[in-house]
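Worksheet: the structure to be examined is printed underneath.
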Amino acid sequence: MQSAPDRHEYPAHWEADVVLRDGGTARIRPITVDDAERLVSFYEQVSDESKYYRFFAPYPRLSAKDVHRFTHHDFVDRVGLAATIGGEFIATVRYDRIGAEGLPASAPADEAEVAFLVQDAHQGRGVASALLEHIGAVARERGIRRFAAEVLPANNKMIKVFTDAGYTQKRSFEDGVVRLEFDLEPTDRSLAVQYAREQRAEARSVQRLLMPGSVAVIGAGRTPGGVGRSVLGNIRDAGFTGGLYAVNRALPEGLKDLDGVPAYRSVRDIEGPVDLAVVAVPADHVPQVVTECGEHGVQGLVVVSAGYAESGPEGRERQRELVRHARAYGMRIIGPNAFGIINTSDGVRLNASLAPQMPRPGRIGLFAQSGAIGIALLSRLHRRGGGVTGVTGVSTFVSSGNRADVSGNDVLQYWYDDPETDVVLMYLESIGNPRKFTRLARRTAAAKPLVVVQGARHGGAAPQGHAVRATRLPHATVSALLRQAGVIRVDTITELVDVGLLLARQPLPAGPRVAILGNSESLGLLTYDACLSEGLRPLAPLDLTTGATAEDFHAALSRVLADDVCDAVVVTAIPAIGESSVGELVGDAMLAEALRSAAAEVPGKPVLVVHVELGGLAEALSAAASTAPQAGDTLPRAAGGAHPFRPAERLPTAGSAAEEEAGLIPAYPAAERAVRALGEAVKYAQWRRDAAEPGKVPEYEDIDEKGAAQLIDGLLARGQGLTLGTEETCELLGKYGIGVHRALPALSPDDAAVAADALGYPVALKATAPHLRHRADLGGVRLDLADEEQLRRAYAELTELFGKPQELRPVVQGMAPRGVDTVVRAVIDPAAGAVLSFGLAGAASQLLDDTAHRIVPVTDREATSLVRSIRTAPLLFGWRGSTPVDTPALEELLLRVSRLVDDHPEVVAVTLEPVVVAQRGVSVLGASVRLAPPPARDDLGPRTLPVY
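Quick look at the structure:
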């Protein structure tokens, strides 16, 4: 560690793992005196050209003085960071604080010179960009606000690193050197650059796992059975297009293959490269396997071995060490305790999982933290007949197990621009980084549907094996925030598949108007009622009668689709009476073809089918798009030559999945399931339209942001966290244009009279004791007291009912205009970030949990939707003939509160209760504010991989 003269202890919190541009990982950490040999070895591997660019002259080797200078830092004015792989340096960066004259200096000087050196073998991997983010964060922490760098004009790569970073900068040219100066304060552009680099790097890291050129299964047993041997067989049977190897150190010397797969005792013995290793050995043997893989250049691991965090504290530490070990070699991990991964692409055909059958290729990306749920989802999507309609295929599947490294966030980054994936389905048992997940979900949902079901919602803790950040937000609030980000939230895996099938097969509806047609009046009425329950606008059902033929269905569906009065169509169907089994099959196929052809003639609107006891209709609907004859056809053909169904086991030809899937009509065995799926599609389509015009965060000229910051700094100087008093609360809120009605304490009847004279009659008398505060239903409030006599009488009643004034804490407040009582709150959650909440005041809203939430900062459009999204919102808009209240003034108040907590993260909680919304204006009658040092925001810092 550092020597005595150094002024700071080793800053361990600067250590971080990062994903590089090519998807590999590196470790960034401070350079110490112990790194002298590593530094010399690193420098020897740098080309003469790179050395020249760094020192502006030939510099073949480092002197002892250089080594001392570059390894001895005080971690304040002189800081060096290194990027390492396998414990060895691949790049370095350092800054030296300078004064106005460009000479070494100490604080308060806020400028520093920065310089990089990257090994030639690692140039182009984004190492310098990652180091710049981290050295910039370190500099800001140490009070440095600006970097200066001198670069030779020919060093285009390094100039590009600085210019592409997105910081506000100034460039000059003097004495043959380019001088760059840039502020380190993050800008919108620098954050956008950082997020874009993060997306490309993390997507590439997942792509390396899902599209390997070669795979080794380590732990494949010598005899059939066992996890490793099963995975090996599944990869082989799926027709993996790359190289496949079996590895088991217990194999006999002379054994060269297992089931036709080349076999080796160690991954080191494999002559060619290995991109992916599936690890299926006991947990205590995994460290040796990781070392061998790292030394052989393996790019990623799928660890199916158990015995980690799911087994207790000892296993959790073993899991952390596994991640550290793998990342040290630049490898990422899926697992441990993982079910595996699947890629159905014709160019890959990888089934590195415990699923015995390769799912049909398709357009759905599937992520499951639970192996058991993953099996269930794959089975439901693969199954034909019964339940939801047959096969809609999978593009890629990831089961993350304990999610020690690769998480749902990483896979979302991959699916965001994956051309093979149109719909994303996720089963999550925990969200490790809710703030990041929300950001990624919003971006993904703007491009393709994202459907999520979350398990363990009510358990109060993460599942065994999952380490997540604590959140104080209830599940309902988290769900609301995910919906704000465009996530389609469902409650069961059945709904997950129902919604996913519709979104994968049909266009998004343009609105909530639903046409219903079918051959059963009763089923049509059930569908009508279900639409009303889901908030849709159904048209009167069209009854085709039980004698309707396939041609009748075709004609009716064509007319409805062509009519502008509807946005979606639900077709209900029951079997014809008296048909034989073969005749029924033919009828099902003919009906399926009739519906498919009608939908194809008038595209653009989603069509769903509700079928009752039509065993062949679901299969026929799934197969109706395929008109090519299949080998071994024995069943009658439907009108137009379409085969009634295609066996589930038969894989389609390359490139056919997308075209076929787009023409399939989803069928559901119950009206409620079909309509619920349609309802989610309608809400998602509306979100997409709204997201195209997201609104803006308004600027208010009367906001005194600087004055509020000074006030907050002064208040926090008293302690680490405090709830402000009444005067301080009013002063701080006043800086943001939020006025609070004065409430004067009244510890005696005489005090109450004096307060009322100061405020002016009429007044209100309120008990503010915790058990009575905001509880008008308990009788602790007296309103419209017109004179002193009424005031004293009310004071006597309160004290007689509830006790002494010291217990009641009564206050006198001027009367506000009559209106609707509401509550506005904002909190900063350590995991999810700042959240703004709104609801009506009173017990009824609390019992119904009728509160709406939005992520801060809130835009004007989001404030408008926030007010209207609670179930009791009609009370604000003239319900039952009442006078509508001033919702624009309410929306402005919400926006001002949002600005306050967004501008000043030290404001960790704000409650305005009650807020009376009158016919004109709003009155804030009660307010509380809590200040504290803000939780750390890793989304504003440099890119890092999480450590669970």
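Residue numbers for the sequence shown follow our numbering, so the first one is 644 and each next one is one higher.
We put the beta carbon where it would ideally sit given N, CA and C, even for glycine.
Just so we're clear, the structure is a prediction, and the values are computed from it rather than from any experiment.
- Contact between the region 965–978 and the region 1041–1060 is present: 3 or more CB-CB pairs across the two stretches fall below 8 Å.
- The beta-carbon distance between ASP1529 and ALA1561, rounded to whole angstroms, is 6 Å. This is short enough to meet the 8 Å contact definition.
- Separation of SER749 and ALA920 (C-alpha to C-alpha, rounded to the nearest whole angstrom) is 50 Å.
- If you draw a 10 Å sphere on the C-beta of GLN1127, you find 16 or more other C-beta atoms in it, and that means buried.
- Assignment of HIS1496 by DSSP, reduced to helix, strand and coil, places it in the strand class.
- Per DSSP, the unbroken beta strand (DSSP E) holding THR1215 starts and ends at 1211–1216.
- Residue ranges of uninterrupted alpha helix (DSSP H) with 4 or more members, entirely inside the region 1450–1522 and ordered along the chain, are 1486–1491 and 1503–1511.
- For the pair VAL1383 and VAL1567, the CB atoms are nearer than the 7 Å cut-off.
- Taking a contact to require three or more Cβ pairs closer than 8 Å, the region 1157–1177 and the region 1309–1322 qualify as touching.
- The DSSP assignment places complete beta strand (DSSP E) segments of no fewer than 3 residues inside the region 1132–1163 at 1156–1161, in order along the chain.
- Beta-bridge partners assigned by DSSP to LYS813: GLU824.
- For VAL1455 against LEU1387, the beta-carbon gap comes to about 5 Å, under 8 Å, which counts as contact.
- Sorting LEU1251, ALA1237, LEU1200 and SER1163 by C-alpha distance to the C-alpha of ILE1217 places SER1163 at the top.
- Closest in alpha carbon position to VAL1213, among ILE913, LEU1200 and ASP1206, is LEU1200.
- If you draw a 10 Å sphere on the C-beta of ASP1464, you find 16 or more other C-beta atoms in it, and that means buried.
- In this structure, GLN1097 is the residue among VAL1203, GLU1336, ARG1078 and GLN1097 with its C-alpha nearest to the C-alpha of LEU1068.
- When only Cα atoms are considered, GLY1524 and ALA1516 end up about 14 Å apart.
- With distances taken between CA atoms, HIS1254 lies nearest to SER1165 out of CYS1209, ALA1334, SER1165 and ASN877.
- Between the alpha carbons of ASP660 and ILE1136 lies a gap of roughly 34 Å.
- Counting of Cβ neighbours within 10 angstroms places GLU1072 among the buried residues, the total reaching 16 or more.
- Rounded to the nearest whole angstrom, the C-alpha separation of VAL933 and MET974 is 9 Å.
- Of PRO701, ASP691 and VAL676, the smallest CA-CA separation from LYS708 is found for VAL676.
- Across the structure, ARG1468 and THR1411 are spaced so that their CA atoms are roughly 19 Å apart.
- Rounded to the nearest whole angstrom, the C-alpha separation of THR735 and GLU914 is 33 Å.
- By the neighbour-count criterion, in which 16 or more other beta carbons inside 10 Å mark a residue as buried, GLY1423 falls on the buried side.
- Residue pairing of SER996 in beta bridges, as defined by DSSP: GLY983.
- Take the alpha-carbon of GLY1322 and the one of LEU1187: they are about 24 Å apart.
- Looking only at GLY1403, GLU964, PRO1392 and ASP1195, the smallest Cα-Cα distance to ARG1452 is reached by PRO1392.
- The alpha-carbon separation between VAL1558 and ARG788 amounts to approximately 42 Å.
- In this structure, GLU776 sits away from PRO1309, with a CB-CB distance that is not shorter than 7 Å.
- If you ignore the 5 residues before and after GLY1247, its C-beta comes within less than 7 Å of the C-beta of PRO1150, all in its own chain and listed in chain order.
- Taken through DSSP and simplified to helix, strand or coil, GLY1008 comes out as strand.
- The three-state reading of DSSP puts TYR888 in strand, counting E and B together.
- Counting every other CB atom within 10 Å of its CB across the protein chains shown gives PHE825 a total of 16 or more, marking it as buried.
- Rounded to whole angstroms, the Cβ separation of GLU1534 and ARG1319 is 31 Å, and the two are not in contact under 8 Å.
- The Cβ-Cβ distance between VAL1157 and ILE1131 does not fall below 7 Å.
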